[in-house]
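Undergrad: Protein chains in written order, with our numbering: chain A, 235 to 533; chain B, 11 to 314; chain C, 763 to 958; chain D, 2 to 117. Think of the CB as a built atom: it goes at the ideal place given N, C-alpha and C, for glycine as much as any other residue. Here you go, one structure.
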């Protein structure tokens with residue numbers, strides 16, 4: 235129960251930080267105080283009208299951003315802030331995270347589908363083609379991380395890194411996991427849902443408060459994802475001197491910055507090529523990661 | 011003109027009109043594009059405004075904001091934006107009549123305008139019907155859409171009528187040709203910027219536009235594009251696009267694409283690849299392979 | 763009534779109502795994801811029944827499976843978004859019969875089976891037990907599941923992919939006629955078109 | 002049970018935080034004219050509803066994916082007992098994965114990972 239405020243504090247800080255990092259990375263200098271720029275942007279969107287398209291699937295159009303954000307919260311609630319301090323310290327933590335990823339694909343697809351407009355529709359379908367195999371990758375690397383912990387709970391995975399972080403022990407894990415993070419938070423080289431070649435893809439038709447909600451949900455998913463990555467590969471709350479939640483926040487922030495940088499500085503290849511690369515190059519790499527983790531974990 | 015905007019702080023050009031607040035009409039436009047311009051304007055969310063930069067306002071527009079061609083539009087745009095947000099300037103009404111594309115109300119079993127499974131015009135539009143497929147032979151719905159003339163990822167003025175099955179183009183037709191930009195020295199960099207944007211590299215695209223506006227040569231541009239995988243991301247069947255991107259970044263001459271018509275080259279291509287190919291042609295080639303009917307100067311962009 | 767009872771009734775209601783709505787909505791996409799909602803509610807009941815792994819796995823599996831089902835439903839159904847209202851139920855008499863039989867059969871099975879009565883301990887290591895079962899006594903089942911899945915993969919590729927190693931897989935194939943020996947009902951192979 | 006209740010509570014709070022954004026959507030509906038609702042295509046138009054029998058180009062891949070997803074469900078319990086069981090677990094899973102690897106290689110030879 236006490237962890238719920240922590241979850242939302244981390245989400246708020248993460249959203250603000252990544253919005254700021256995004257602005258900073260784009261190399262634009264804004265005359266009005268940079269620190270408040272995300273808030274000004276939010277205020278502008280709030281003052282705009284939310285346009286409806288012709289006969290949209292209204293219910294799903296509204297539900298999909300809400301579901302997206304809710305899934306980010308659900309994913310973050312299995313992440314421990316300190317020993318035994320998580321909203322839901324479930325034994326099946328990484329399975330729940332996997333379910334969140336799967337449902338995120340559904341939410342993004344529905345967002346593209348429900349506008350009844352061509353560009354969002356293509357974005358939604360294309361996202362599914364990339365999201366599904368990318369999800370397989372993340373499952374394999376998470377299972378690899380669960381091997382030394384002998385448990386599927388995120389807390390146990392963090393505890394298993396007391397001697398050595400997983401990022402060193404399983405060097406392939408984090409890069410593969412980051413790719414999935416880019417995919418499910420719709421950015422950079424894995425942004426097949428909301429890409430510029432589709433004029434914003436699933437978000438091409440949304441404006442005003444709706445666009446604000448979608449943006450918040452995307453950044454919330456990015457934050458939840460970074461916190462998960464920090465826990466599974468960077469030792470989560472472990473660290474000297476400072477209390478656990480602070481360490482988790484610091485590591486999350488570091489991963490957020492890495493993700494923002496990657497998202498803006500890698501080219502996106504056409505979807506068919508990416509799909510083939512995921513299955514034929516990256517999936518075998520995740521098998522290799524599993525084998526490395528397996529051999530390393532043998533008693 | 012678009013290149014000059016890229017340098018301006020506080021202005022960001024949007025890909026979708028739904029994300030913008032102000033429609034900036036930059037340069038002269040063709041008479042044939044008037045209806046597209048009106049359609050685009052009406053899609054803006056309220057509160058909204060239009061600025062005419064070196065362009066003649068449509069005759070029936072009330073209280074137009076005009077900017078002379080030689081002026082810097084940024085201060086005026088910022089003032090306009092502020093006035094809109096404060097409510098000092100009223101939001102513009104629709105320019106097109108408030109009526110559905112087809113009359114439908116009250117028809118059909120539930121007043122939805124359609125009858126049977128696929129018949130009629132439910133909610134004002136018909137449904138897509140089955141069409142031939144050229145790649146895997148599955149007969150599913152073929153959808154015909156017109157994109158452009160003011161889509162940011164296409165050369166300005168170019169409008170394509172595409173028949174799609176999923177995201178693969180079955181048939182393409184040039185609805186209106188691109189505005190001629192042959193005389194402009196910075197054109198290769200602007201074209202490279204469009205390709206980079208399609209590859210998901212907005213920052214590099216902006217760098218190319220700034221370099222185009224300054225008129226200097228950004229030596230590091232090719233290396234930066236290479237580092238970010240812009241050339242690597244293009245698959246082997248887009249090798250011609252890769253060569254043209256490389257040439258455009260160096261402001262060199264592109265290899266000759268041959269005599270084949272643009273629309274024939276697009277058939278069977280996936281969406282992103284097709285747009286990449288369209289964006290990679292230089293204006294002279296484009297006017298040859300995508301036949302131009304009435305060459306005219308001008309550019310249009312939208313800004314927020 | 764405890765909180766757990768209340769949760770059980772609410773989740774059951776969600777499962778039943780969304781299952782019913784599957785057949786009342788016109789949109790294929792809505793139908794698929796209503797079915798997903800129904801399954802998720804059942805999965806949540808499983809979570810309450812001390813089956814944490816199976817419950818979570820159900821959510822996980824159903825999310826991707828219904829996603830794929832939605833793709834195919836939209837691909838092959840006329841009027842996929844239900845823009846013109848239509849009936850989602852067919853062969854009513856047969857379906858009612860099948861449903862009634864299944865319901866009676868399952869009810870009888872539940873009522874007359876001697877189900878185990880001892881409670882599962884709150885902290886029982888169910889996932890670990892499942893793992894030992896898979897790697898120990900049920901090893902053969904586990905490995906033959908692998909072979910079955912391989913067969914499923916090969917079969918789905920054979921049935922669905924046109925692009926083959928040796929060119930289009932339907933080359934020279936002739937769709938069956940509407941009546942035995944009749945004209946092909948679908949696309950006629952190009953070689954035969956030339957003959958005509 | 003407590004963990005589940007907390008999870009649901011956190012999700013409800015999250016949903017409640019963004020819901021107000023859509024309440025103001027409903028309020029402004031009146032100013033949405035018919036010509037504003039036309040789908041955005043950069044000035045272009047679509048002749049029919051975008052909702053159609055959408056020709057997805059990766060359908061054989063989705064079927065392969067489902068088989069893989071099934072297999073994933075065996076891997077979670079395996080991961081938990083891996084260290085206890087040792088080399089035997091490695092061998093069994095290696096066999097299982099290589100059977101599925103054959104599936105991927107076959108699908109690749111048949112050109113499944115392409116846009117159909």
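#1: In its own chain, which residues sit with a C-beta less than 6 Å from the C-beta of residue 294 of chain A, not counting the 5 before and 5 after it?
#2: Residue 57 of chain D and residue 823 of chain C: beta carbons closer than 8 Å?
#3: Report the three-state DSSP secondary structure of residue 32 of chain B (helix, strand or coil).
#4: Which same chain residues, not among the five before or five after residue 258 of chain B, have their C-beta less than 8 Å away from its C-beta?
#5: Using a Cβ-Cβ cut-off of less than 8 Å, give me the residues of the stretch 140 to 155 of chain B that come near chain A, in sequence order.
#6: Give the C-beta separation of residue 337 of chain A and residue 825 of chain C to the nearest angstrom, bearing in mind that I take them to be a contact with Cβ-Cβ under 8 Å.
#7: Give the straight-line distance between the Cα atoms of residue 50 of chain D and residue 786 of chain C, rounded to the nearest whole angstrom.
#8: Is any heavy atom in the ligand NAP found nearer than 7 Å to the beta carbon of residue 346 of chain A?
#9: Hey, would you say residue 41 of chain D sits closer than 8 Å to residue 53 of chain B, going by beta carbons?
#10: With DSSP collapsed to three states, give me the class of residue 190 of chain B.
#11: What is the DSSP secondary structure of residue 47 of chain D, reduced to helix, strand or coil?
#12: Restricting to runs no shorter than 4 residues, where is the alpha helix (DSSP H) found entirely within the stretch 228 to 266 of chain B?
#13: Select from the stretch 34 to 51 of chain D all residues with a C-beta closer than 8 Å to any C-beta belonging to chain B, and list them in chain order.
#14: Taking just the CA atoms, how far does residue 945 of chain C sit from residue 272 of chain B?
#15: Quick one: what does DSSP say residue 77 of chain B is sitting in, helix, strand or coil?
#16: Measuring CB to CB, does residue 807 of chain C end up less than 8 Å from residue 774 of chain C?
#17: Among C/939, C/870, C/788, which residue has its Cα nearest to the Cα of residue 120 of chain B?
#18: DSSP puts residue 151 of chain B in a beta bridge; with which residues?
#19: Between residue 168 of chain B and residue 188 of chain B, which are expected to be in contact by the criterion C-beta below 8 Å, what is the C-beta distance as a whole number of angstroms?
#20: How would you write the range of the alpha helix (DSSP H) that residue 175 of chain B sits in, first residue to last?
#21: Per the DSSP calculation, residue 62 of chain B is bridged to which residue(s)?
#22: Distance, Cα to Cα, residue 68 of chain B vs residue 406 of chain A?
#23: Closest to residue 146 of chain B by C-alpha separation, out of B/154, B/179, B/155, B/162, would be which residue?
#24: Taking only three categories from DSSP, how would you classify residue 37 of chain D?
#25: Show which residues of chain A have a CB atom less than 9 Å away from the CB atom of residue 807 of chain C.
#26: Just the chain A side, please: which residues come within less than 9 Å of residue 63 of chain D by C-beta, in chain order?
#27: Under the rule that 16 or more other beta-carbon atoms within 10 Å means buried, what is residue 7 of chain B, buried or exposed?
#28: Pick from C/893, C/841, C/919, C/772: whose alpha carbon is nearest that of residue 103 of chain D?
#29: Going by DSSP, what residue range makes up the alpha helix (DSSP H) through residue 293 of chain B?
#30: Identify whether residue 266 of chain A lies in helix, strand or coil by the three-state DSSP scheme.
#31: Which residues in chain A have a C-beta closer than 7 Å to the C-beta of residue 769 of chain C? List them in chain order.
#32: Going along chain B, which residues have a C-beta under 7 Å from residue 422 of chain A?
#33: For a test of the three-state rule: what should DSSP assign to residue 288 of chain A, helix, strand or coil?
#34: Could one say the Cβ of residue 836 of chain C lies closer than 8 Å to chain D's Cβ atoms, at least one of them?
#35: Less than 6 Å between C-beta atoms, sequence neighbours within five positions excluded: which residues of the same chain meet that for residue 458 of chain A?
#36: Any contact between the stretch 765 to 784 of chain C and the stretch 278 to 298 of chain A? By contact I mean 3 or more CB pairs, one from each, below 8 Å.
TA: Answer, in terms of the structure:
#1: 344, 348
#2: no
#3: strand
#4: 198, 199, 201, 202, 205, 264, 290, 292
#5: 153, 155
#6: 5 Å
#7: 22 Å
#8: Looking for the ligand NAP in the displayed structure turns up nothing, as the structure carries no ligands at all.
#9: yes
#10: coil
#11: strand
#12: 231 to 237, 249 to 259
#13: 34, 35, 36, 37, 39, 41, 42, 43, 44, 45, 46, 47, 48, 49, 50, 51
#14: 39 Å
#15: strand
#16: yes
#17: C/788
#18: B/140
#19: 4 Å
#20: No alpha helix (DSSP H) contains residue 175 of chain B, which is instead part of the beta strand (DSSP E) from 169 to 175.
#21: B/35, B/76
#22: 59 Å
#23: B/179
#24: helix
#25: The contacting residues do not exist; residue 807 of chain C stays about 15 Å from chain A at best.
#26: 362, 363, 366
#27: Chain B is shown only over 11 to 314; residue 7 of chain B falls outside these bounds and no answer can be derived.
#28: C/919
#29: 293 to 299
#30: Here the model assigns residue 266 of chain A a pLDDT of 49, short of 50, so the residue's position is not dependable and the matter cannot be decided.
#31: Within 7 Å Cβ-Cβ: nothing; residue 769 of chain C doesn't reach chain A, min ~15 Å.
#32: 210
#33: coil
#34: yes
#35: 306, 309, 310
#36: no
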